[in-house]
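Following: one structure in structure tokens, then a few remarks.
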Ligand code: AMP
């Protein structure tokens, strides 16, 4: 299948060609004709599937075909994080470079005034995070009454981040009769409800089971005592097992702390999380991309939308509390057909989290013990039972057995 068979115009085909894309990805193949026909779409697609181009390309085409001259946005793309919003806006610019449409992006964490000036120039396509969009609407620096196409990108993540009320407020500012596109990696009940309330007779598209992104990723688990995690990470780096990696950790505080400790051990590292300013994040990412920083420590939320191609390794310094986040994390490696490696440093207290992740994956992650690093044994004062999880034959995912404590 070629892009031109999808009905895209020459200006878009040449921009696609310039990107080096040969053929559409499955989500593009299915979504582009439907969106061009004006239909609502509900698409199950994760990062890495080509979902951004799947909605950006037809939106550019639809808007370029209608009469120009509008000042207010005609397409609104909502994204959960500033990184993702910036990345989507970049795609709009790249694919739309041969068209005379204006695109703007607004997100929080940066001065609002340049954005106001930008909006005053008029825009056809606006990409935004929900909070900052409402700030603009509240200050009347933005009029959403002419929006013809609405996109909710990574809807599950927006709801996880508590944006439901913001989204509902935004919907009230939009005209009826518009086209709606909802993209989500997963379909919890909350996303289903949102989809039901927004979409009209949508075309349903599901490009992969939610864990297929992980099929190109080799996953390895290193059992380790919690107190030895830092030592193990530096050991893996010094041995060369970990060289250029995105290291996940749950809290912003821990992310800073870990990056500083690595730096003190002569390992170039930077942290990227919600408390960092946009310019700090951009700099950390640029340093990582050009190799000046070899370890990027990130929290789950901050990592969303980070556009890093050819990321060979992901390290889970701790396991995420939500099993789906594990899939999002390791989906950062092994993209676009390349093989990736995801290492998890797992301590005894994370046994339950591990079991939930393995249940979701329907597989067990291979365990590799590193000599000198072992999981801690049950400590004095710990509950009087112990999970026989580590030592059980790792064949199937059936829970784990509870046994009386051994001394
Ligand atoms: P996304 O799922 O939108 O985050 O896209 C993942 C990556 O795939 C991006 O780096 C895109 O540049 C790339 N991409 C999108 N569409 C194609 C395509 N048809 N062929 C090759 N790469 C693509």
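Residue numbers (this note's numbering): 5 to 411. Quick reminder that beta carbons are idealized off the backbone N, C-alpha and C, glycines included.
Asked, Found
"At what residues does the alpha helix (DSSP H) containing residue 92 begin and finish?", "86-99"
"Taking the alpha carbon of residue 102 as the point to measure from, which residue in 20, 145, 92 and 331 has its own alpha carbon closest?", "20"
"Less than 7 Å separating the beta-carbons of residue 3 and residue 82?", "Outside the shown range of the chain, which is 5 to 411, sits residue 3, and nothing can be said about it."
"Among the candidates 131, 266 and 155, whose CA atom is the shortest distance from the CA of residue 242?", "266"
"Do the segment 45-52 and the segment 185-200 meet, that is, are 3 or more Cβ pairs less than 8 Å apart?", "yes"
"Hey, is residue 321 close to the ligand AMP, as in C-beta under 6 Å from one of its heavy atoms?", "no"
"From residue 12 to residue 131, what distance separates their C-alpha atoms?", "22 Å"
"Let me know if residue 409 comes out buried or exposed under the rule of 16 or more other beta-carbons within 10 Å of its beta-carbon.", "Any answer about residue 409 is weak, because its pLDDT of 35 lies below 50 and its placement is not dependable; what the coordinates show is given next. With fewer than 16 other Cβ atoms within 10 Å, it is exposed."
"State the Cα-Cα distance for the pair residue 106 and residue 57, rounded to the nearest angstrom.", "17 Å"
"How many whole angstroms separate the CB atoms of residue 75 and residue 228, which I take to be in contact at a CB cut-off of 8 Å?", "The Cβ separation is near 58 Å, so there is no contact."
"Whose C-alpha, out of 160, 18 and 52, is nearest the C-alpha of residue 220?", "52"
"On the three-pair Cβ rule with 8 Å, is the segment 279-289 touching the segment 365-376?", "no"
"For the ligand AMP, any of its heavy atoms closer than 6 Å to the Cβ of residue 6?", "no"
"Rounded to whole angstroms, what's the CA-CA distance from residue 258 to residue 324? Just pull it up for me.", "13 Å"
"Measuring only from the beta carbon, is residue 56 closer than 6 Å to any heavy atom that is part of the ligand AMP?", "yes"
"Three-state secondary structure (DSSP) at residue 235?", "helix"
"Are the CB atoms of residue 288 and residue 274 nearer to each other than 7 Å?", "yes"
"Excluding the five sequence neighbours on either side, which residues of its own chain have a C-beta within less than 7 Å of the C-beta of residue 177, listed in chain order?", "141 and 148"
"Just how far apart, CA to CA, sit residue 302 and residue 347?", "15 Å"
"Have a look at residue 84 and residue 8 and give me their C-alpha separation to the nearest angstrom.", "31 Å"
"Nearest to residue 40 by alpha carbon, out of 14, 15 and 10?", "10"
"Would the beta-carbon of residue 209 fall within 7 Å of that of residue 34?", "yes"
"Should residue 25 be listed as close to the ligand AMP, given that the test is whether its C-beta is under 6 Å from any heavy atom?", "yes"
"Does the distance from the CB of residue 78 to the CB of residue 111 come in under 7 Å?", "no"
"Based on DSSP bridge pairs, tell me the residues matched to residue 207.", "45"
"According to DSSP, what are the bridge partners of residue 317?", "249 and 345"
"Between the beta-carbon of residue 272 and the beta-carbon of residue 297, is there less than 7 Å?", "yes"
"For residue 28, verify whether its CB is less than 6 Å away from any heavy atom of the ligand AMP.", "yes"
"If we call anything under 7 Å between Cβ atoms a contact, is residue 318 one with residue 343?", "no"
"Under 6 Å from any heavy atom of the ligand AMP, does the C-beta of residue 11 make it?", "no"
"I need the straight-line Cα distance from residue 238 to residue 320, nearest angstrom please.", "14 Å"
"Does the ligand AMP have a heavy atom nearer than 6 Å to the CB of residue 127?", "no"
"In angstroms, rounded to a whole number, what distance separates the CA positions of residue 115 and residue 91?", "19 Å"
"I'd like the ranges of any alpha helix (DSSP H) spanning at least 4 consecutive residues and lying wholly in the segment 111-193.", "117-124, 134-142, 159-164 and 168-176"
"Our contact map puts residue 307 next to residue 333 with C-beta atoms below 8 Å; I'd like the distance itself, whole angstroms only.", "7 Å"
"Within a Cβ cutoff of 7 Å, which residues of the same chain sit near residue 42, ignoring the five residues on either side of it in sequence?", "183"
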